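Enquirer: Residues 3 to 142, numbered by our numbering, are exactly what the sequence shown covers, in order.
A virtual CB, placed ideally from N, CA and C, is assigned to each residue, including glycine.
From a predicted model like this one, the values you see are computed outputs, not experimental measurements.
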Amino acid sequence: MSEIRCPACGTRNRIPTGARGRPRCARCKTDLPWIVEAGDADFDTAVAGSTPAVVDLWAPWCGPCRMIAPALEELARERAGRLKVVKVNVDESPGVSRRFAVQSIPLLLLVRDGEVIDRQVGAAPKAAIEAWIDRALEAA
């Protein structure tokens, strides 16, 4: 469970790691950015559902990982209700790392209905990440 402040009214809202539908502000009903952390125990729950999820496989010591984090958060805000960002620390989640054969980070996975649609390795500017998401969703 994460907590996020509504961009419209400022109310603090608790956001579940996984749920059907999309998160909305309890007060003003504005769609909220859906940014959650997941690990080995709750990864499948976090990526289940029809809302496309960008899975950010990262580590705290990785400079490029820290560089793309603000772009992913901005995309989650801009696409509130239409995109979920799931952050997975590879150091704390060896099962997820093995499952997706992580050899280099940052690694972004685009997942819908629990299935990986596409993957992208390395840091990229926000515009490139956004274009990648759009192309992959269009092709799927």
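1) For K86 versus A55, is the C-beta distance shorter than 8 Å?
2) Going along the chain, which residues of its own chain have a beta-carbon closer than 7 Å to the beta-carbon of A142, five neighbours each way excluded?
3) Examine the Cβ distances between the region 62 to 72 and the region 96 to 109 and report whether three or more of them are shorter than 8 Å.
4) Please return the same chain residues whose Cβ sits closer than 8 Å to the Cβ of A138, not counting the five positions on each side in sequence.
5) What is the residue span of the alpha helix (DSSP H) that R63 lies within?
6) Answer yes or no: do G83 and R24 have a C-beta to C-beta separation smaller than 8 Å?
7) Given that a residue counts as buried once 16 or more other Cβ atoms are within 10 Å of its Cβ, and exposed if not, what is P127?
8) Between E94 and G20, which are expected to be in contact by the criterion C-beta below 8 Å, what is the C-beta distance as a whole number of angstroms?
9) Should A103 go down as buried or exposed, given a rule of 16 or more other Cβ atoms within 10 Å for buried?
10) Report the rounded CA-to-CA distance for C27 versus E80, giving the unit in angstroms.
11) What's the C-alpha gap between R22 and G65?
Expert: Looking at the atomic coordinates:
1) yes
2) R114, I119
3) yes
4) L112, I119, D120
5) The sequence given here places Trp at residue 63; Arg does not occur at that position. Where W63 is concerned, there is no enclosing alpha helix (DSSP H), given that its DSSP letter is neither H nor E.
6) yes
7) exposed
8) Between G20 and E94 the Cβ distance is about 18 Å, and since that is not below 8 Å, they are no contact.
9) exposed
10) 15 Å
11) 33 Å
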